[in-house]
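Student: Residue numbers (my numbering): 48 to 922.
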Amino acid sequence: MSEKYVYHFEEAYGLGKELLGGKGAGLAEMTHIGVSIPQGFTITTEACTLYYENEKKLPSFLIEDIKKGIKEVERKTKKHFGGNRNPLLVSVRSGARVSMPGMMDTILNLGLNDMTVEALARETNNERFAYDSYRRFILMFTNIAKGHPRTEMDMMLERLKQEKGYKLDTEVKSSELKELVEKYKDYYKSVFNEEFPTDPYVQLIEAVEAVFRSWDNPRANVYRMMNNIPYSWGTAVNVQSMAFGNKGETSGTGVAFSRNPATGEKKVSAEYLPNAQGEDVVAGIRTPLHIDELKKRMPEVYEEFMATIKRMEAHYKDMQDMEFTVEDGHLYFLQTRNGKRTPNAALKMACDMVDEGLITTDEAVLRIDANSFDKLLLPNFKKESLDEKTPIAIGLPAGPGAGTGYLAFSAEEAERRHKQVKKVILVRAETSPEDIVGMISAEAVLTMRGGMTSHAAVVARGMGKCCVCGCAEALIDEVARTVTINNKIYTDKDIFSIDGSTGNVYLGEIEMESPDLTTGYFGRLMKWVDEKRRLKVRTNADNARDAKQALLFGAEGIGLCRTEHMFFERDRIFSMRKMILASTHEERVEALNELLPIQQSDFEELYTIMDGKNVNVRLLDPPLHEFLPNDEALIEELASSTHHTDLEIKDKIKELHESNPMMGHRGCRLAVTYPEICVMQTSAIINAAINVSKRTNKLVNPEIMVPLVLDKEELKFVKNIITTTANKLILASGLPMKYHVGTMIEVPRAALLADEIASYAEFFSFGTNDLTQMTMGFSRDDSDKFLPAYYENKILEENPFKTLDQKGVGKLISNAVKLGRMTNKDLHIGVCGETGGDPKSIEFYHKAGLDYISCSPFRVPVARLAAAQAAIKNK
């Protein structure tokens with residue numbers, strides 16, 4: 048850990064986001080390239096770690112460093128912190144290494160007290176501006192530094208406006224703001240039993256601690272979990288001299304994107320609020336004006352603004368999200384970062400920037416967020432259905448795709464109804480960071496206020512969530528839980544459909560359709576992706592529907608076909624149950640002979656669809672009791688059909704019951720105890736391959752996978768059954784057909800003995816679901832009950848069933864790969880668990896030397912992209 052924790056912007060260039068956070072690194076870089084920014088310094092992410100290690104208090108030496116930082120800003124600005132003339136006021140802002148919009152805290156106008164506010168009024172000759180800044184500071188300090196809800200203070204302002212008949216905050220007079228400040232201070236004293244702090248250094252230290260504390264607030268934790276951001280990263284804090292956008296009509300504030308973040312169009316997308324501070328724009332409290340309004344009011348400032356944006360995008364070679372303030376006609380940029388964008392916009396920007404010569408195809412592939420890439424596969428409204436509808440309202444198109452659902456008027460309601468498997472649209476006047484859980488649960492978000500850069504828009508775009516903002520035609524009553532449009536009242540029983548690409552709001556449900564993924568920007572990107580990746584991408588598919596869908600998404604084979612799924616259909620389950628209930632070998636073979644043609648037909652269909660691509664078939668895996676009924680009526684039906692009594696069937700169910708079925712009589716253990724099951728399945732696999740090979744004149748070379756192996760002798764035993772059966776059938780067919788026998792590595796013992804097991808295996812496939820269960824001692828079905836407490840207490844940061852536990856399970860996999868290839872250098876190795884579609888896990892599999900990954904059909908494009916990104920990062 049460094050000895051230095053405070054860096055001024057001009058000395059911090061090149062130190063990186065890991066230390067400075069994204070905002071601090073951006074400010075250092077803007078200073079370096081000569082962009083006009085307010086003076087200040089960054090308190091590093093390492094200081095955040097110190098704060099938490101020091102029982103959530105800043106160490107005394109760090110407090111001294113911060114005070115020295117202020118002295119330097121005083122020198123550069125020729126202003127005085129806490130002075131009675133030309134006072135220095137600062138903002139205190141969070142800045143994690145990746146953008147977390149609205150999740151952490153900011154305090155503005157810090158340094159104001161009864162003396163400095165008068166000095167500010169004299170210096171600016173604007174008493175109203177000074178007291179407006181003071182009342183904002185007291186409100187933010189109370190809410191953020193002290194953690195007290197702002198509701199009552201907000202209501203004081205609203206009551207004042209109602210009494211005076213004002214509609215806008217800007218109409219409140221200077222004398223009235225003075226009175227409001229006194230009321231705020233009285234309220235503060237009544238809540239905390241102490242005077243509002245007047246020492247600016249006390250204010251500053253409390254504010255810095257509050258921003259560090261916000262790294263661990265509930266909404267930030269939810270956002271980090273959703274976006275796989277490690278808790279250990281921490282946040283930096285930026286202390287910056289204030290630039291005032293609320294000084295009057297030649298002042299203002301805004302947010303700008305160098306390209307349209309919703310569509311990717313190469314056109315500046317910016318909004319501006321005259322006589323306002325930045326939080327007014329981001330919070331969505333007032334709906335901002337189009338940037339053309341700045342051009343009309345201050346053309347010279349507008350020209351400088353556009354030129355600086357162009358320069359910054361050329362420098363960063365990416366779309367920039369910038370906050371700016373105009374103070375008395377002087378333009379300042381407060382921050383820049385690579386902007387959040389919809390998946391469709393990201394795709395267009397990446398391709399366009401390659402065409403413009405800004406970035407390489409490698410950089411274009413790395414620009415696409417693999418975690419949100421599947422949003423491109425989401426359906427949009429069907430054009431024919433849309434043509435029949437007329438919008439009931441129109442807002443600003445702020446988030447991708449389309450969404451339909453019942454209206455929900457709070458985050459809590461959206462979350463509750465989502466758990467009831469109901470699709471909902473979250474409807475709010477404007478969203479706040481506390482709404483994050485509701486936004487995750489909703490199909491789409493609709494707000495009455497706020498623009499394209501409001502909290503709702505930025506967070507929704509980052510989540511790939513459909514969003515329409517600033518729908519001024521709609522009036523919401525959050526108490527009555529209604530929304531009124533054109534004098535018609537809508538409730539939680541109404542369904543809205545909203546279009547994030549147009550801003551249109553419709554009544555009722557609209558039919559959806561999937562996008563064409565073979566052409567345009569998507570097709571272009573995937574061509575680059577496939578050229579760059581080393582890992583092959585297969586799919587987990589048990590039926591024709593999934594196999595066809597996976598091929599459309601670019602799957603190169605089937606990495607896992609679970610044969611048990613083929614038995615659960617009603618016309619098959621009866622024969623399966625007959626086999627289980629059989630009391631003799633002959634009865635069991637008779638039932639299996641009924642299943643043979645059914646299973647063979649399924650395999651023939653899959654081989655035909657896959658057209659010569661690899662198909663890896665896993666032999667029967669689950670315990671037999673899973674195929675037997677529990678329902679009394681079904682038990683009676685089975686009894687009458689199989690000439691057994693109800694009691695005999697119940698006795699069989701009881702006999703097959705296991706205390707721990709996950710580790711019970713399943714997988715290859717079934718083949719050891721009932722070899723005839725393995726004979727039937729091998730016959731179905733090989734006969735199907737023979738038939739399709741003859742019909743298509745294209746040899747099918749099936750892969751047969753033995754599950755749950757723990758020892759080489761076990762695999763040797765089952766492989767002997769497979770080869771004896773398969774060789775006989777192939778010899779009779781006269782075809783020069785080959786097949787491959789391998790095993791799933793899902794028992795830790797198998798991973799440890801991989802060198803021995805490889806002597807009988809032609810391939811390994813890691814089943815990370817079971818391997819994780821057995822290594823960590825977690826049941827995948829039950830762990831959701833306690834894992835949230837593990838995240839909350841920072842014991843684990845990610846769900847190990849979704850993202851591979853690289854330290855433990857990953858170590859077993861890496862060692863098994865090395866051991867297996869020591870015995871068999873041609874050993875083909877893949878993975879087929881849920882982590883096979885997770886981008887972070889895929890990079891691990893690339894480094895570990897696997898040959899392929901296999902995942903669900905809808906994760907195939909994500910896996911292809913993640914595999915290419917892994918190859919580029921690890922050249």
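Glycine included, every Cβ here is placed at the ideal spot set by N, Cα and C.
Since the structure is predicted, the reported quantities are computational estimates derived from the model, not experimental observations.
(1) Terminal residues of the continuous beta strand (DSSP E) containing Y98?
(2) Since M752 and R868 are thought to touch, with beta carbons under 8 Å apart, how far apart are those beta carbons, to the nearest angstrom?
(3) Out of curiosity, what's the CA-to-CA distance linking R464 and M495?
(4) Only counting runs of 3 or more residues, tell me where the beta strand (DSSP E) segments fall wholly within the region 725 to 788, in order along the chain.
(5) Just the Cα atoms here: how many angstroms apart are I536 and E435?
(6) Contact between the region 335 to 343 and the region 291 to 308 is defined here as three or more beta-carbon pairs at a separation below 8 Å; is this criterion met?
(7) If we count Cβ pairs, one from each stretch, closer than 8 Å, do we get three or more for the region 287 to 298 versus the region 92 to 99?
(8) Taking CB distances under 8 Å as the criterion, tell me whether A254 reaches chain C.
(9) So, with DSSP's three-state summary, where would you put L454?
(10) From K232 to V348, what distance separates their C-alpha atoms?
(11) Do you know offhand how far E350's Cα is from L378's?
(12) Can you say whether T822 is buried or exposed, counting buried as having 16 or more other CB atoms within 10 angstroms of its CB?
(13) What are the residues that DSSP puts in a beta bridge with A323?
(14) Taking just the CA atoms, how far does I415 sit from K583?
(15) What distance in whole Å lies between the Cβ atoms of T815 and V878, which are believed to be in contact at a cut-off of 8 Å?
(16) Taking the alpha helix (DSSP H) that D649 falls in, what are its first and last residues?
(17) Could you spell out the range, first to last residue, of the alpha helix (DSSP H) harbouring K395?
(18) Looking only at its own chain, which residues have a Cβ that is under 7 Å from the Cβ of K785, when we skip the five neighbours before and after it?
(19) CA-CA distance, P450 and G555?
(20) In terms of DSSP beta bridges, what is M791 paired with?
(21) Where R619 and V468 are concerned, what is the direct C-alpha to C-alpha distance, given to the nearest angstrom?
(22) Am I right that F811 and A731 are in contact with their C-beta atoms under 8 Å? What's the rounded C-beta distance?
(23) Report the option in M369, K343, K342 and R344 whose CA atom is closest to the CA atom of T355.
(24) Could you spell out where the beta strand (DSSP E) holding N663 opens and where it closes?
(25) Compare the C-alpha of H704 against each of A735, T692, P670 and T720 and name the closest.
(26) Let's test the definition: count the other Cβ atoms within 10 Å of the Cβ of R635 and tell me whether it reaches 16, buried, or not, exposed.
(27) For the region 124 to 131 against the region 58 to 65, are there 3 or more C-beta pairs whose distance is under 8 Å?
(28) If you follow the beta strand (DSSP E) that D885 is part of, which residue opens it and which one closes it?
(29) With F813 and I860 assumed to form a contact (beta carbons below 8 Å), what rounded beta-carbon distance in angstroms separates them?
(30) Does the count of Cβ pairs from the region 206 to 226 and the region 184 to 192 closer than 8 Å reach three?
(31) My guess is that V284 and G142 are in contact by the Cβ rule of under 8 Å, so how many angstroms apart are they, rounded?
(32) Give a yes or no on whether the C-beta atoms belonging to K858 and Y807 are separated by under 8 Å.
(33) Thinking C-alpha only, which one of V526, I110 and K745 is nearest A476?
(34) Would you call the CB atoms of L653 and C608 closer than 8 Å?
(35) On a Cα-Cα basis, can you pick out the residue from I191, S222 and T692 that is closest to R175?
(36) Comparing alpha-carbon positions, which option in F456, Q916, T655 and E633 lies nearest D539?
Tutor: Taking the definition as stated:
(1) Segment T92 to E100 is the alpha helix (DSSP H) holding Y98; no beta strand (DSSP E) there.
(2) So it is not a contact: roughly 18 Å between Cβ atoms.
(3) 22 Å
(4) 750 to 753
(5) 22 Å
(6) yes
(7) no
(8) Of the protein chains in the structure, only one exists, and it is not chain C.
(9) strand
(10) 38 Å
(11) 11 Å
(12) buried
(13) Paired residue(s): none; A323 is not in a bridge.
(14) 19 Å
(15) 6 Å
(16) H632 to M657
(17) Segment P390 to D402, the alpha helix (DSSP H) holding K395.
(18) N748
(19) The residue you asked about is not Pro; residue 450 is Gly in the sequence shown. Their Cα atoms are separated by approximately 11 Å.
(20) S812
(21) Cα-Cα distance, rounded: 30 Å.
(22) Between A731 and F811 the Cβ distance is about 23 Å, and since that is not below 8 Å, they are no contact.
(23) M369
(24) N661 to R665
(25) P670
(26) A residue is called buried when at least 16 other Cβ atoms come within 10 angstroms of its Cβ; R635 meets this threshold and is buried.
(27) no
(28) Taken as a continuous stretch (DSSP letters only), D885 belongs to no beta strand (DSSP E), as it is neither H nor E.
(29) 6 Å
(30) No: the two stretches stay apart, fewer than three of their Cβ pairs being nearer than 8 Å.
(31) Rounded to the nearest angstrom, the Cβ distance from V284 to G142 is 7 Å, consistent with a contact under 8 Å.
(32) no
(33) V526
(34) Yes.
(35) The shortest Cα separation from R175 among I191, S222 and T692 belongs to S222.
(36) F456
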